[in-house]
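This note's numbering puts the first residue of the sequence shown at 28, with every later residue one more than the last.
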Amino acid sequence: PPILRNASKTYSLSSGLRGELGGSWRWDAAVQYGRNRSSLDQANTPITANFLNAVNAVTLNGQIVCANAAARAAGCQPINILGRASYSPAAYNYAFGTTHAVAETTLFEANANLNGDLFSLWAGPVSAGVGASYRRETFVTDADDLSQAGAFMARAPRDFPKASQSVKEAYLETIVPLLSADWVTGSLEFNGAIRLTDYSVSGEVTTWKAGLVWKPIPDILFRGTLSRDIRAPSLTELFTAAVATVPRPIYADPRAGFAGQPSYAYDVVTGGNAGLTPEIAKTFSVGAVFNPQFLSRLNISADYFQIKIQDAIGATGAGTSLTNCLGTGTADLSSPYCSLITFANNDPANGAVLSVLAQNANFAEFKARGIDMALSYMQPVDEIFAGA
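In structure tokens, the structure reads:
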């Protein structure tokens, strides 16, 4: 079996400052740089063409040799795979190899924040926070020549040309008391935030949230939040090079022109997509927290949540594309799945399927809802033994 060896080195440097501006106002600023370098070797990996040459053996002049004369000239030695595999050191060196890849990531980040009380209302002071940040990340992978050429039978790493993305962000958030804890109604406060983000690759996006927290009595708290959230595509999702899968899958074409013909292989091309945009989610949650005064270390919470994600990032499976385009026995050119398929002679009606594109895309929508419940109880150990 393949033997994996992985080594990684990581270091980071960070520094920050903080201070006061008078009254309740405070500020802080920080900068950070980190780098990770990892190497991955996978030994005992079959080299596809060499391994196939080595197992294709014949008897020549009373000796068992590789059937392919050109392979013999290149050093091919036969391998017997029947029963317990047996081969000479020379055969092993010809048919097996080691994949090697080195990946390096870096991150630079700087941010500054300011927060304090703006003014006071009937229920208390209105607090606010503002801030800005800048982040830049890079990623690069170097693979050995055989891996890069797709020569190994197992999935091997590929070169990942140096890619980078920078992110600029600015935010504003506030907490506004609407009812005071001293009132018979208990405390009620509004919390809101907005964030503007500019991705150098994926473009600009705005996120926000609005919520209410009501505590009618000290023992219980009710909360609810509505928000717009995002997840930006990663560098690997954006820039991974397109490669064809090995081995190639088999497909039985249902079109009339292929009736009675054997199934044939085709390429599935996977990879990144620099045209990806951030995933966008709408999230609603409402719940309660119970913290009884007579048992102050007990905390029970229950929240209902509902999440809807649009433009979710993923890859359409090759089988899905083939079924939706050709499943009726003819090419349905009105289907967007047909645009992901390359046909021989560019002929969707009669051309054989050569390859199917299965790269990342903003194509899906997900919905989730449920109830999240939690219970915790904390007991200091020193109190357990205090009365002993």
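Where is the CB? At the ideal position from N, CA and C, for every residue including glycine. Predicted model, so just to flag it, every value in this text is computed and none were measured.
{"Item": "Cα separation between THR263 and GLY299?", "Value": "7 Å"}
{"Item": "With H, G and I counted as helix, E and B as strand and the rest as coil, what does DSSP make of ALA122?", "Value": "helix"}
{"Item": "For ALA130, which residues of its own chain have a beta-carbon under 6 Å away from its beta-carbon, when the five flanking residues on both sides are left out?", "Value": "SER65 and THR168"}
{"Item": "Pair every Cβ in the stretch 328 to 346 with every Cβ in the stretch 387 to 398, then say whether three or more of these pairs are closer than 8 Å.", "Value": "yes"}
{"Item": "In the DSSP assignment, the beta strand (DSSP E) including ARG275 goes from what residue to what residue?", "Value": "First-last for ARG275: undefined, no H or E at that position."}
{"Item": "Cutting at 7 Å between CB atoms, please list the residues of its own chain near LEU173, excluding the five before and the five after it.", "Value": "ILE74, GLY124 and PHE179"}
{"Item": "Just the Cα atoms here: how many angstroms apart are TYR38 and ALA94?", "Value": "52 Å"}
{"Item": "By the three-class DSSP mapping on this structure, what secondary structure does VAL223 have?", "Value": "Here residue 223 is Leu; the residue named in the question, Val, does not match the sequence. Three-state result, LEU223: strand."}
{"Item": "Below 8 Å on the Cβ atoms is my contact criterion, and I expect ASP158 with TYR198 to pass it. Report the Cβ-Cβ distance as a whole number of Å.", "Value": "The question names Asp, but residue 158 is Gly in the sequence shown. That belief holds up - the Cβ atoms of GLY158 and TYR198 are roughly 6 Å apart, short of 8 Å."}
{"Item": "Is there a Cβ of chain B sitting closer than 7 Å to that of THR357, yes or no?", "Value": "Absent here is chain B; the protein component of the structure consists of one chain."}
{"Item": "Measuring straight from C-alpha to C-alpha, what distance separates GLY43 and SER361?", "Value": "57 Å"}
{"Item": "Pick helix, strand or coil for ARG99, following the three-state DSSP scheme.", "Value": "helix"}
{"Item": "Within a Cβ cutoff of 6 Å, which residues of the same chain sit near VAL232, ignoring the five residues on either side of it in sequence?", "Value": "THR224, ILE257 and PRO305"}
{"Item": "At what residues does the beta strand (DSSP E) containing LEU109 begin and finish?", "Value": "Looking at the DSSP string, LEU109 is not in any beta strand (DSSP E), and its letter there is neither H nor E."}
{"Item": "Does the structure place the stretch 315 to 334 close enough to the stretch 390 to 409 that three or more beta carbon pairs sit under 8 Å?", "Value": "yes"}
{"Item": "Looking at the secondary structure, which residues open and close the beta strand (DSSP E) in which ASN71 lies?", "Value": "52 to 73"}
{"Item": "Given a cut-off of 7 Å on the beta-carbon distance, is the pair ALA181 and THR86 in contact?", "Value": "no"}
{"Item": "Where SER254 and PHE146 are concerned, what is the direct C-alpha to C-alpha distance, given to the nearest angstrom?", "Value": "26 Å"}
{"Item": "Check this for me: beta carbons of ARG222 and THR234, under 7 Å apart or not?", "Value": "yes"}
{"Item": "How many Å lie between THR126 and THR355 at the Cα?", "Value": "42 Å"}
{"Item": "Label ASP171 either buried or exposed according to how many other C-beta atoms from any shown protein chain fall within 10 Å of its C-beta, with 16 as the threshold for buried.", "Value": "buried"}
{"Item": "For my contact list, ALA122 and ASN77 are in at a C-beta cut-off of 8 Å; report their separation, rounded to the angstrom.", "Value": "5 Å"}
{"Item": "Which residue from PRO243, TRP241, ASN33 and ALA57 puts its Cα closest to that of GLN69?", "Value": "ASN33"}
{"Item": "Between ASN218 and VAL153, what straight-line distance do the alpha-carbon atoms span, to the nearest angstrom?", "Value": "10 Å"}
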